[in-house]
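Protein chains in written order, with my numbering: chain A, 144 to 829; chain B, 35 to 281; chain C, -15 to 199. Quick notes on the structure that follows.
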């Protein structure tokens, strides 16, 4: 914490960015710079309070005349539906799952941060704000992050009132733990199932509103198009996944809470259905996609076992507190039983390279180091096929050991069990190996995306009437998200931020009704119908799944843990080829008038094939390393990430410019990040 | 591994279904059960046959979307969800029968996919604590005894998958119901609505057409989250108290 | 189900106690039977107690059977399409045989009432209404016939099964098994009652057959 100084928030501490490099030349068009049109001013601690007061109110009698569409029922969407329903608006909630309770927020394990300072260990709103901005490597928007820290305490109150069974101390008061390398205990948790418990809380609150008649719930419905009328978002087109019916839903405002797009990598810790389609459809209708290349890669996941792998499972990184990470020193030992490799032939590479932090270096550093070891050929576990940097297929072992032998010697088997049994059991169940006897194998995996649709301080995108919350927007985590902050952001947006900003927009409503036969509505519906028919009409030879796998392999190799100019350019050309092939050779069986999971997937993969290219262009343009984005060309002599604040302290907001296979190019709009409360600093973990 | 799969195929909710037999080769013991079905589907697509529809999402045992009756056991032979079941639990040459959850309140939509919206309606009938956003008092103003909070948590781990219903010879959802009643009833915040909640939720459960509980216990054995049978006792106790109060 | 079942548990315990009087000999047994008829006098008329018991038991039986039928119908309607393969992995055989076991017991009770209460049928002599005032002789004559003993023993197996699950199930339905330990106790109680009651009832016919009890 040394050097954390308070600033009044009234004077800018840095100037606008001035980009000199131009790696992505020829792949994009530079557009106008943008600013947050509703950015607040004044002392940072008063900004949200003032804004809540300034934002206009909607008369309770008018609320039931206002229709709100919310896409997604995770923490951000479920909480918003419940809150706006309670307020008396007419809410229509959509999710692709069979119940709102299944949204992927449910899988979050660790906890939720809140600046309650129950431990009296020096926590405060300002410190949570500071940690989040610093953790995001100074690429987040200050105003939004401060507000997030400010409302964090209310979230805990709200969840406890709903019956979320947080861990408690013997006195019956709430317990906290320290998480993700921060020095204060501000993380509230419900064993390893915090996300589940918070989501069930939001879900129950939402179901209560369904019973009250303020929220109408559409499950097994997928949003496939945004309807924009006179520049305003006025509705969506959905497909009923059971009957196949293409339906139009109109409203006064549309909220996207549709989560992240980590599945562009095919293998990730996301749910199988997590997708970018809702956000991407909005992007194609004009909404800017911000910082799409910012991806969080989590170091402690269970490695890939073969080409059949469909998803990766995360294990809490708390394992790194007691486990030691190593690979064999000699390539020849990689096939051996690890227990037969003598101590002197083991390379505890994190302890060797980062002697002061050792196995506890931040997520991105730990992840990259593991990748380098495997690139050198010193990985362990089964060989799996992948695309090499040269574009050719090769067989590589992707895994490093996470060894609890020392911990068992020190704490006893019982001591290790007490702390980690649920994680070690999960490992044993998935791999069939006993982690108490043989070292576990781990490898990094895609976990979260910090990028998303661009929004202003009110969480409104550049399309009027289109609001974006949770992981689907870009605003709060900068280039890297801290542990236990995703749940905080989802619920902050849903319960406390959106309801207070959307009302300022709705105060102008109800807007003039859009007729069902309005040309924009008809066009949107027809576009969806045509796209669905097209998938079925191609009648090619390759399965949707195989395209997704190939895209994932390209993204992982070239736009994963380390990105280079050369690799990204290669990736872009490969993605273009793959996309062109997809649209002529994909094979989707079945019909459109009933449940057809391949058809659903085809639409999602088609959008990933466009998003993947934009991520590569964004990564190519950003010739700096920050947070989860590591450019090989931008590192210190010691191989650490090197930021270039003068060039890149901006949000890259991309406007859709048409399919590149048809000559289109995305348009880059820069929003400068001007800090007034925190000064930018370079980090070091040596 | 080489397997023989007997899979329930049903084109839609109203169609007549049947069990179809598919041989499947090249199954790795490291595959999850659903990855094995992915492999089958890839093979079916190649052959030009429509892939088998089955519900799944998180594939890490928490969302509750996956189901499947595997050789007559809900979620298969291990105490876990189908997505966390691995093929090493089976042997080369095995025949595996895969059926959807069978219960009239869970109608089949297609193949192995069923409609579990009845569970949402049960929650709507009272499975919540009414606490409007913004009205909550400071979180630590009401302490909750640790043992009660622990019990609440243990049963709040229910993922709403429906295995209890699928396994119950009576087709009852009492374990699901009891888990929610116990979760909310153990917490101080859940007290004001405790008695009306149990009456309303049981009413909705019966209205949906689930069977009655005869305490057989198949539900608790099938539950991937190991929710114990005592939640049903708690449900009955709360219901009795509510009835005494004339609710 | 639970309340009427609990009434039956009380009844079979009392009934078994009475039956075991047979080991005390003809006089003791008949005296006990007579005593039951005089119980509660003069507050109750002669046989008043017995008739209150009979009416109460009949009411419990009706409740029990109606509940069972309702539950069975609900279960049938809750799963109209059966599984092709279904395994049981967490339930006792007794819990799954409650309906068949119950039906068996119902048939048995009807015969039992014909045999000892209303018909007083002596299967050896064929006479009915026999042995008024001497139930002991009827008892011995009945169980001297091997197949009668078999019928009763089969019924007692059904009763044991019914009690094994029924006791635990009743406690659970009454909401008295909220902890792991109370659940264990309830299951133990089921075992104990099943063994004691079925064993106690079976002791008399077996003893008759083996000649331990005789006229």
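Idealized CB from N, CA, C, for every residue including glycine. These figures come from a predicted structure and were not determined experimentally.
Exercise. Exposed or buried, residue 1/C, counting other C-beta atoms within 10 Å across all chains shown (16 or more means buried)?
Worked result: exposed
For this session: Give the C-beta separation of residue 582/A and residue 548/A to the nearest angstrom, bearing in mind that I take them to be a contact with Cβ-Cβ under 8 Å.
Result: 7 Å
For this session: Let me know the secondary structure DSSP gives residue 70/C once reduced to three states.
Result: coil
For this session: Return helix, strand or coil for residue 238/B, following the three-state DSSP convention.
Result: helix
For this session: Reducing DSSP to helix, strand and coil, say where residue 718/A ends up.
Result: helix
Problem set entry | Interface residues of chain A facing residue 76/B [CB-CB closer than 9 Å] | 686, 688 and 689
Exercise. Cβ atoms of residue 367/A and residue 386/A: under 8 Å apart, would you say?
Worked result: no
Problem set entry | Closer than 8 Å to chain A by CB, residue 144/B | yes
For this session: Could you have a look at residue 530/A and say whether DSSP puts it in helix, strand or coil?
Result: strand
For this session: Determine the DSSP secondary structure at residue 198/B, reduced to helix, strand or coil.
Result: helix
Exercise. Just how far apart, CA to CA, sit residue 87/C and residue 172/B?
Worked result: 58 Å
For this session: Could you give the DSSP three-state label for residue 262/A: helix, strand or coil?
Result: coil
For this session: With a cut-off of 8 Å on the beta carbons, I'd call residue 161/C and residue 267/B a contact; round off their distance for me.
Result: 4 Å
For this session: Could you work out which residues of chain A lie near residue 235/B, taking near to mean beta carbons separated by less than 9 Å?
Result: Those within 9 Å of residue 235/B in chain A number zero; the least Cβ separation is about 11 Å.
Exercise. What are the boundary residues of the beta strand (DSSP E) that residue 441/A is part of?
Worked result: 438 to 444
Problem set entry | Cut-off 7 Å between Cβ atoms - residues of its own chain near residue 113/B, not counting five sequence neighbours on either side | 258 and 260
For this session: Say whether chain B places a C-beta atom closer than 8 Å to the C-beta of residue 75/C.
Result: yes
Exercise. Given that residue 158/C touches chain B, what residues does it touch there, using C-beta distances under 9 Å?
Worked result: 267, 270, 271 and 274
For this session: State the CB to CB distance for the pair residue 540/A and residue 524/A, rounded to an integer number of angstroms; the pair is presumed to be in contact (CB under 8 Å).
Result: 5 Å
Exercise. In chain A, what lies closer than 9 Å to residue 163/B by C-beta?
Worked result: 304, 305, 306, 344, 347, 348 and 351
Problem set entry | Beta-ladder partner(s) of residue 361/A, from DSSP | 237/A
Exercise. Do residue 163/B and residue 238/B have their C-beta atoms within less than 8 Å of each other?
Worked result: no
For this session: Report the partner residues of residue 852/A according to the DSSP bridge assignment.
Result: Residue 852/A falls outside the range modelled here, since chain A spans only 144 to 829, and no answer is possible.
Exercise. Should residue 92/B and residue 116/B be called a contact, given that it needs their Cβ atoms to be closer than 8 Å?
Worked result: no
Exercise. When you compare each of 739/A, 770/A and 743/A to residue 703/A by their alpha carbons, which one comes out closest?
Worked result: 770/A
For this session: Let me know the secondary structure DSSP gives residue 171/C once reduced to three states.
Result: helix
Exercise. What is the DSSP secondary structure of residue 724/A, counted as helix, strand or coil?
Worked result: helix
Exercise. Interface residues of chain B around residue 38/C at Cβ under 8 Å?
Worked result: Going along chain B, no residue has its Cβ under 8 Å from residue 38/C, so there is no contact; the nearest lies around 28 Å.
Exercise. Which partner residues of residue 162/B appear in the DSSP bridge assignment?
Worked result: Paired residue(s): none; residue 162/B is not in a bridge.
Exercise. In terms of residues, what are the limits of the beta strand (DSSP E) holding residue 814/A?
Worked result: 810 to 815
Exercise. For chain B, is any of its Cβ atoms less than 8 Å away from the one on residue 99/C?
Worked result: no
Problem set entry | Local conformation of residue 702/A per DSSP, three classes | coil
Problem set entry | With 16 other Cβ atoms within 10 Å as the buried cut-off, status of residue 75/C | buried
For this session: Compute the Euclidean distance between the alpha carbons of residue 230/B and residue 89/B, then round it to the nearest angstrom.
Result: 34 Å
For this session: Determine, using beta-carbon pairs with one atom in the segment 557 to 577 of chain A and one in the segment 443 to 459 of chain A, whether at least three such pairs fall under 8 Å.
Result: yes
For this session: Could you name the residues of chain A that residue 217/B contacts, counting a contact when the two beta carbons are closer than 8 Å?
Result: 306 and 308
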